[in-house]
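In short: position in the sequence shown from 1, add 12, done, that's our numbering. Beta carbons are placed, not taken as given, at the ideal position from N, Cα and C, and that holds for glycine. Values in this document were obtained by computation on a predicted structure and should not be read as measured data.
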Amino acid sequence: KQLGLANITLNKNSVPNDPNSPFVTGGLRIGSPAMTTRGFMEDEAKVVANWICDILDDVENSSLIAEIKTKAEKLCAKFPVYAKPVS
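Written as structure tokens, this is what we have:
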């Protein structure tokens, strides 16, 4: 939920060799195809990964989440889904 507040969308997935049931997810899935479709490269992926870690390290820090949300919006503005207006 906290990552979503920062405009970072993930979903929960099972992890290979996880001893828990597949219905008890233990991992996060990052939509790397969505990132590369936007034109993100390794540097941008590292930035997003660091934001994820920063939020997970301090999930109650609403000012950090707001700061990362602003940064995420600015990063996405540099890499629009549609570079040209759709007519």
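Can you look up I20 in the DSSP assignment and give me helix, strand or coil?
coil
Just to confirm my understanding: we take K90, look at its own chain, exclude 5 residues before and 5 after, and list those with CB closer than 8 angstroms. What are they?
none
For G39, the first and last residue of its enclosing beta strand (DSSP E)
G39 to I42
Buried/exposed call for F52, threshold 16 Cβ in 10 Å
buried
Expressed to the nearest angstrom, what Euclidean distance is found between the alpha-carbon atoms of A57 and M47?
8 angstroms
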